[in-house]
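No gaps in the numbering here: position 259 of the sequence shown is 251 in this note's numbering, and each next residue is one more. Where is the CB? At the ideal position from N, CA and C, for every residue including glycine.
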Amino acid sequence: MAGLQEDDEGFQVVKKKKGRQNIKTRNVDSISDVADDFIDTEGLKVKLWQSRQELKPSDFIQDLKETWKLVKQKLESDPAIRSFKDKMISNDSEADPASHLPPELLVHLGQLPITEQIKKSFITSIVCYGLGNFSTCAIARYQLGFLLLLSNMVLVPHSKCFCYDPRFTKSEIAFLKDLGLEVIKENEEGKRVCKEPTLLFMPHCGKPLYNNALWANWGNDNLHNLIILGNSFSSFHERIPEARLFSEASYIAAILPFTTEEKVKNNFKHTDIFNDMAFHIFNSERMKQVPNEIWEQRTEPSYDHIEDLEIILKKERS
Ligand SMILES: C[S@@+](CC[C@H](N)C(=O)[O-])C[C@H]1O[C@@H](n2cnc3c(N)ncnc32)[C@H](O)[C@@H]1O
């Protein structure tokens, strides 16, 4: 992986990192365990705004919108998602907004009734794991700028964007809250159960986090609620021998043949921020084709046998 380092003029110098960072440095239970620090909040706001402004008109975002349209069409054709949408609409008696404002603005002003939001997008929340230290790392900062654009694109208000990284510092947590985003309090190790369609944005996360998210929603009655935007599962498959993938991330390996993947075109000017990303969806009709034996294998993942662990676990699991 490569990293961006800040130079005198800005923050756009790409430096190659040697190998992947080993993140098994400590175990973390909750955000009360995080480090104290001091950041220049105003300076950080400006830098974040700049990254967002660079991203917004880019071909990368325009192409991503097209990819999202495709993903949305595929989700729309899923009977389980359609029935969720119908149920939400029939349960909600709020009047349609009589506004000329665009839906992205209405949703962020809290003025778009849930019915309208669900009609236009099926995603009820975004969960972002593994952003990293955006106050010191330009890659993570661009990814945060992207998260803000993503929430607009899928019409999810900031109050429904839940972020967690055990590396977040106290100031970073306060900064995220100031943006109106939610910060998850506990280290869930990626095991959030999603009862409604949820977009998991997991930029450059290690395999165990994806594996845990799949495990927590394992079964053909729930997995269709996950939409994962993160490292391409098929790339894991191409790069890692099958037996090793099964041993290190058995849920990724098992669901891969039934997963629909839409690759994200990596054409942003800094090529190491959104590389190797794809949307992954788990269509409920395809999930019915998964043999029962596969669903029955649902032992909680354990990573004790992995030397270079790519996840920070809770303390009691060390
Ligand atoms: C390879 S880094 C990616 C950082 C940044 N997004 C990037 O692209 O450079 C993986 C990130 O996953 C985070 N991570 C590890 N365990 C986690 C956990 N249990 N929950 C959420 N994030 C976790 C790490 O702290 C780290 O920031």
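Does the beta-carbon of residue 107 have 16 or more other beta-carbons within 10 angstroms, so that it is buried, or is it exposed? The residue is buried, with at least 16 neighbouring Cβ atoms inside 10 Å.
Could you give the residue range of the beta strand (DSSP E) that holds residue 301? Careful: residue 301 lies outside any beta strand (DSSP E) and carries neither H nor E.
Which value, in whole angstroms, describes the spacing of the CA atoms of residue 189 and residue 75? 12 angstroms
Rounded to whole angstroms, what's the CA-CA distance from residue 166 to residue 282? Just pull it up for me. 43 angstroms
Using 10 angstroms around the beta-carbon of residue 231, count the other beta-carbons present and answer buried if the total reaches 16, otherwise exposed. exposed
Taking the alpha carbon of residue 187 as the reference point, which residue from 40, 77, 32 and 52 has its own alpha carbon closest? 77
If I follow the unbroken alpha helix (DSSP H) through residue 252, where does it start and stop? Residue 252 -> not in any alpha helix (DSSP H); beta strand (DSSP E) instead, spanning 252 to 255.
Within its chain, find whatever has a CB closer than 6 angstroms to the CB of residue 241; leave out the 5 residues flanking it on each side and keep chain order. 199 and 203
Complete beta strand (DSSP E) runs within the segment 43 to 124 (minimum length 3 residues, chain order): The qualifying runs are 117 to 121.
Could you tell me which residues DSSP pairs with residue 219 in its beta bridges? Note: residue 219 sits in a beta bridge opposite 191 and 273.
Report the partner residues of residue 239 according to the DSSP bridge assignment. DSSP lists no partner for residue 239.
Put residue 180 into one of helix, strand or coil per three-state DSSP. coil
Just checking residue 42 against ligand 1 - is the residue's beta carbon closer than 7 angstroms to any of the ligand's heavy atoms? Residue 42 Cβ: outside cutoff for every heavy atom of ligand 1.
Helix, strand or coil at residue 154 [DSSP, three-state]: strand
Does ligand 1 have a heavy atom nearer than 7 angstroms to the CB of residue 277? Answer for residue 277: no, Cβ out of range of ligand 1.
Residue 305 versus residue 258: straight-line alpha-carbon distance, rounded: 30 angstroms
With distances taken between CB atoms, is the gap from residue 214 to residue 197 smaller than 8 angstroms? no
Best match in 238, 249 and 276 for proximity to residue 297 [C-alpha to C-alpha]: Minimum Cα distance to residue 297 is reached at 238.
Measuring straight from C-alpha to C-alpha, what distance separates residue 92 and residue 99? Residue 92 and residue 99: Cα-Cα distance of roughly 13 angstroms.
8 angstroms Cβ cutoff met for residue 209 and residue 22: no
Would you decide whether residue 101 is buried or exposed? Buried here means 16 or more other CB atoms lie within 10 Å of its CB. exposed
Given this structure, state the Cα-to-Cα distance separating residue 253 from residue 295, to the nearest angstrom. 26 angstroms
Straight-line Cα distance separating residue 290 from residue 58: 36 angstroms
Is the beta carbon of residue 168 less than 8 angstroms from the beta carbon of residue 44? no
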